[in-house]
Amino acid sequence: MGDIYSEAELERLGRMRPTIFPNLLSELGFCFSLVLSQIMAEYFISGFNVLLPSLAEGLDIPEASSSWPSSAFALTAGGSLLFFGRLADRYGGFVVFAGGLAWHLVWSLVAGFAKNALMMYFCRALQGFGPAAFLSAGIMLLGTTYRPGWRKNLVFSIYGACAPIGFVAGIFVSGMTGQFLDWRWYFWIGTMLLFLALIAAVLSVPASIRRKPPHPDMSIDWAGAGLFFCSLVLIFFAINDCGHAPDGWRTPYVYVTLIVGFFVLLAALYVEGWVAKEPLLPLSLFRIPQLSSLLLGLFCFYGVFGIWLLYCVEYMENIMHASPLLVVAYFVPFALGGIFFSLIGGLFLHVLPGTVLLVISGIGWLMAPLLFAIMPLGASYWPYVFPAMICGTLGMDVTYNVTNIFVTTSLPERQQGLAAAVANSVLFLGISFWLGWGDFTSAQVHGDLRARYQAALWMAVGLAGLGLIIMVLFVKIKPAKSEVTVDEKEGGSAGSAGSGGSGDTELMPKQETDIGVNGRDGNDLQ
1 MGDIYSEAEL
11 ERLGRMRPTI
21 FPNLLSELGF
31 CFSLVLSQIM
41 AEYFISGFNV
51 LLPSLAEGLD
61 IPEASSSWPS
71 SAFALTAGGS
81 LLFFGRLADR
91 YGGFVVFAGG
101 LAWHLVWSLV
111 AGFAKNALMM
121 YFCRALQGFG
131 PAAFLSAGIM
141 LLGTTYRPGW
151 RKNLVFSIYG
161 ACAPIGFVAG
171 IFVSGMTGQF
181 LDWRWYFWIG
191 TMLLFLALIA
201 AVLSVPASIR
211 RKPPHPDMSI
221 DWAGAGLFFC
231 SLVLIFFAIN
241 DCGHAPDGWR
251 TPYVYVTLIV
261 GFFVLLAALY
271 VEGWVAKEPL
281 LPLSLFRIPQ
291 LSSLLLGLFC
301 FYGVFGIWLL
311 YCVEYMENIM
321 HASPLLVVAY
331 FVPFALGGIF
341 FSLIGGLFLH
351 VLPGTVLLVI
361 SGIGWLMAPL
371 LFAIMPLGAS
381 YWPYVFPAMI
391 CGTLGMDVTY
401 NVTNIFVTTS
411 LPERQQGLAA
421 AVANSVLFLG
431 ISFWLGWGDF
441 TSAQVHGDLR
451 ARYQAALWMA
461 VGLAGLGLII
471 MVLFVKIKPA
481 KSEVTVDEKE
491 GGSAGSAGSG
501 GSGDTELMPK
511 QETDIGVNGR
521 DGNDLQ
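Counting from 1, one number per residue, gives the positions in the sequence shown under the UniProt record's numbering.
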C-alpha cells in the first residue's frame with residue numbers, strides 16, 4: 001500500500017472531512033456529543049472529591065471509608081471497560097454509547113436522593129458502568145470515523161482538552177453546591193448535563209453509524225468478563241480496606257478476600273487463554289510493538305493522578321483551610337493549562353515522537369505531587385500550588401492524547417472498541433489500584449494529618465518516577481503522521497474503516513489523485 005499512495009496523498013486524506021458528514025456543522029454536532037460525554041466522565045471524578053467533606057457530614061461517612069466512594073466508581077468503570085469495548089465491537093458503537101449515557105443518567109439521579117452511606121456507595125459503584133460504556137464506545141466512534149492524520153490528531157486533542165474542562169466543571173459545581181446549596185444538586189445538575197449529551201448523541205450521530213451492521217462472527221467472552229470483574233472487585237477491596245482494618249493485612253476478611261480474588265483471577269486467565277473463542281484481551285494485542293511497556297507506564301502515571309487528586313484537595317481544604325470555592329479557583333490553571341496543552345499537542349503530534357511527549361508528561365507527573373509533598377506550612381498559592389496544577393494537567397492531557405491516538409491507530413476497525421477500552425481501563429484501574437495503596441501508606445503514619453498526606457504524596461512521587469523510567473527505557477513511539485490504516489496494510493478494501501475510515505473519502509491510485517493533491521480540492525479543512 002505504501003508504494004501505491006504517495007505521502008502527499010496520505011497527507012491530504014488525513015486532513016479531509018469524512019464523507020459521512022455532509023457539512024462542517026454535522027461534523028461539529030457529532031464531535032459535540034462525544035466531547036460532552038468526556039466532560040461528564042471527568043465531572044463525576046473530580047467534583048466528587050471536593051464534595052466529599054459535605055457528603056461525609058450529611059451521610060455520616062467515617063474518615064476510614066472516605067476513599068471508598070471514589071474507588072468504587074473507578075473500580076466498576078475500569079473493571080467493565082473491556083467488556084463494553086467488546087460489546088461496542090460486536091453490536092456497534094452508537095448503541096453502547098447511548099446506553100452508557102442513559103445508565104449513568106439514571107444512577108446519577110438516584111445518587112442525589114441517597115439517604116445513607118451504603119446507598120451512596122451503591123450508586124457510585126453503579127455509576128461507574130456508564131462511563132465504561134460511553135467512553136469505550138465514544139473513542140471507538142472517533143477512531144473508526146477519522147483516519148490517521150492531521151484531522152484525527154486535532155479531533156482527539158479537542159476530545160482530550162475537554163477532560164480538564166470537565167475536571168474543573170465538576171470541581172466548580174461541587175464547590176458551589178457544597179457552599180451555597182445542598183450537595184445533592186451536584187448529582188442533579190450532572191443528570192441534566194448527561195441528558196443533554198444523550199439528546200445530542202441521538203440527534204447528531206449520522207444515520208450510517210447508527211445503522212452500522214454488527215459483526216455477527218464476533219463472540220463475547222461472558223464468563224471471562226464476569227470472572228475478571230469479580231476478581232478485580234475482591235482484590236481491590238482488600239487493598240483499599242487493609243489500611244483501616246483492625247489488624248491490617250492480618251485481618252481475616254482482608255486476606256481471605258485477597259486470596260479468593262487471586263484464585264478467581266486465575267480462573268479468568270484460564271477461561272481467556274484456553275476456553276474463550278474470542279477472549280476479551282486477545283494475545284495479538286500484546287504483539288503490537290511498545291504497547292505492553294506503554295500500558296505498564298500508564299498504569300503508574302494514572303495511579304499518580306488518583307493519589308494526587310484526592311490528597312491535594314484534602315491538603316488544600318484541611319491544611320491550607322481553603323473554602324470549596326477557593327479550591328475551585330485554585331484549579332482554574334488546571335483547566336486552562338489542559339486546554340492549552342491538548343490543543344498545542346494536537347499541532348505537534350505529527351512532528352514530535354510520542355516518546356518525547358510522554359517523557360515531558362512524565363516530568364509533569366513527577367512534579368505535581370512533589371510540590372505538595374515539600375510544601376511548608378503557611379506556604380502561599382503561587383510558589384507551590386500553581387505550578388503543581390500546571391504540571392498535573394501537563395501530565396494528564398499529553399499522556400491521554402498520545403495514548404488514544406497510538407492505540408486506536410494500531411488496531412483494525414473491528415477492534416476499535418477494544419482499543420478504546422484498553423486505553424481507558426488502564427486509567428480507571430490505575431486510579432483505583434494505587435489509590436488503595438496511597439490510602440494504606442497514609443494510614444501507616446501516626447503523626448498529624450499533614451504528615452499522612454505527605455506520605456501518600458511521596459508514594460505518588462516514587463510511582464511517577466517508576467513510570468518515567470519505563471517510558472524512557474522501553475517505549476518508542478514515532479510521530480502520529482498521516483499513513484495508511486491497519487486494515488489497508490492488511491490488504492483490506494480501500495474504503496475500509498480501519499482506524500478511521502468509516503466515512504473517509506475512498507482511496508484512489510496515486511496517478512488519479514495528483515491533480516487533487518496539487519489543487520487542494522475536496523473537504524480538506526471545511
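Idealized CB from N, CA, C, for every residue including glycine.
What's the gap between the Cα of residue i and the Cα of residue j?
i, j, result
"residue 387", "residue 415", "39 Å"
"residue 148", "residue 179", "46 Å"
"residue 449", "residue 353", "42 Å"
"residue 225", "residue 447", "42 Å"
"residue 38", "residue 245", "36 Å"
"residue 108", "residue 120", "10 Å"
"residue 257", "residue 433", "15 Å"
"residue 8", "residue 18", "18 Å"
"residue 501", "residue 89", "Its pLDDT being 47, under 50, residue 501 is placed unreliably in this model, and the value from its coordinates should be taken loosely. Cα to Cα, residue 501 sits roughly 15 Å from residue 89."
"residue 505", "residue 191", "The predicted model places residue 505 with a pLDDT of 38, which falls under 50 and marks its position as unreliable; any figure quoted below should be read in that light. Spanning the two alpha carbons is a distance of roughly 38 Å."
"residue 208", "residue 22", "12 Å"
"residue 99", "residue 444", "42 Å"
"residue 498", "residue 31", "Because residue 498 sits at a pLDDT of 40, beneath the cut-off of 50, its placement in the model cannot be relied upon, and the point is left open."
"residue 458", "residue 312", "12 Å"
"residue 51", "residue 70", "11 Å"
"residue 16", "residue 153", "12 Å"
"residue 117", "residue 176", "22 Å"
"residue 137", "residue 423", "12 Å"
"residue 314", "residue 295", "29 Å"
"residue 267", "residue 83", "17 Å"
"residue 259", "residue 439", "20 Å"
"residue 390", "residue 194", "28 Å"
"residue 219", "residue 276", "9 Å"
"residue 300", "residue 359", "13 Å"
"residue 49", "residue 351", "37 Å"
"residue 523", "residue 384", "Interpretation of residue 523 is limited by its pLDDT of 48, a score under 50 that renders its predicted location unreliable; no figure is taken from the coordinates."
"residue 243", "residue 202", "45 Å"
"residue 250", "residue 141", "47 Å"
"residue 545", "residue 321", "This structure gives no information on residue 545, because the portion of the chain shown stretches from 1 to 526."
Compare the C-alpha of residue i against each of the options and name the closest.
i, options, result
"residue 344", "448, 362, 156", "156"
"residue 547", "281, 18, 383", "Because the chain here runs from 1 to 526, residue 547 falls outside it and cannot be looked at."
"residue 86", "228, 444, 420, 476", "420"
"residue 187", "428, 464, 43, 317", "43"
"residue 206", "96, 145, 106", "145"
"residue 143", "202, 200, 53, 93", "93"
"residue 60", "114, 40, 73, 458", "114"
"residue 40", "78, 81, 104", "104"
"residue 254", "263, 77, 239", "239"
"residue 46", "73, 377, 297", "73"
"residue 474", "51, 34, 292", "292"
"residue 402", "249, 362, 251, 461", "362"
"residue 124", "445, 298, 68", "68"
"residue 139", "122, 159, 154", "159"
"residue 183", "442, 462, 324", "324"
"residue 469", "355, 351, 199, 162", "355"
"residue 227", "270, 438, 12, 116", "270"
"residue 357", "304, 477, 279, 161", "477"
"residue 248", "260, 381, 442, 471", "442"
"residue 471", "304, 265, 298, 373", "298"
"residue 364", "380, 338, 412", "338"
"residue 12", "328, 97, 151, 36", "151"
"residue 377", "75, 274, 318", "318"
"residue 162", "173, 454, 342", "342"
Query raised in the report: Between the segment 163-170 and the segment 11-31, are three or more C-beta pairs nearer than 8 Å?
Result: Because the criterion of three Cβ pairs below 8 Å is not met, the segment 163-170 and the segment 11-31 do not touch.
Query - Entirely enclosed alpha helix (DSSP H) segments - the segment 261-288, minimum 4 residues - result: Fully enclosed alpha helix (DSSP H) runs of no fewer than 4 residues are not present anywhere in the segment 261-288.
Report task. Check whether the segment 232-239 touches the segment 281-293, taking contact to mean three or more Cβ pairs, one atom from each stretch, closer than 8 Å. Result -> The segment 232-239 vs the segment 281-293: no contact.
Query raised in the report: What are the start and end residues of each continuous beta strand (DSSP E) run of 3 or more residues lying completely inside the segment 171-250, in chain order?
Result: The qualifying runs do not exist here; there are none.
Query - Three-pair Cβ contact test at 8 Å for the segment 130-139 versus the segment 393-400 - result: Too few Cβ pairs lie closer than 8 Å, so no.
Query - 4 or more residues per run - each alpha helix (DSSP H) lying fully within the segment 347-434 - result: Runs found: 354-373, 386-410.
Requested in this report: Count the C-beta pairs between the segment 422-437 and the segment 357-372 that are closer than 8 Å, then say yes if the count reaches three, no if not.
Outcome: Segments in contact, no.
Query raised in the report: Counting only runs that start and end within the segment 102-182, where is the alpha helix (DSSP H) found for 4 or more residues in a row?
Result: If we require 4 residues or more, the alpha helix (DSSP H) runs fully inside the segment 102-182 come out as 117-127, 129-145, 150-180.
Report task. Give, in chain order, every unbroken run of the alpha helix (DSSP H) that is at least 4 residues long and sits entirely within the segment 286-329. Result -> Taken in chain order, the unbroken stretches of alpha helix (DSSP H) that lie wholly in the segment 286-329 and span 4 residues or more are 291-318.
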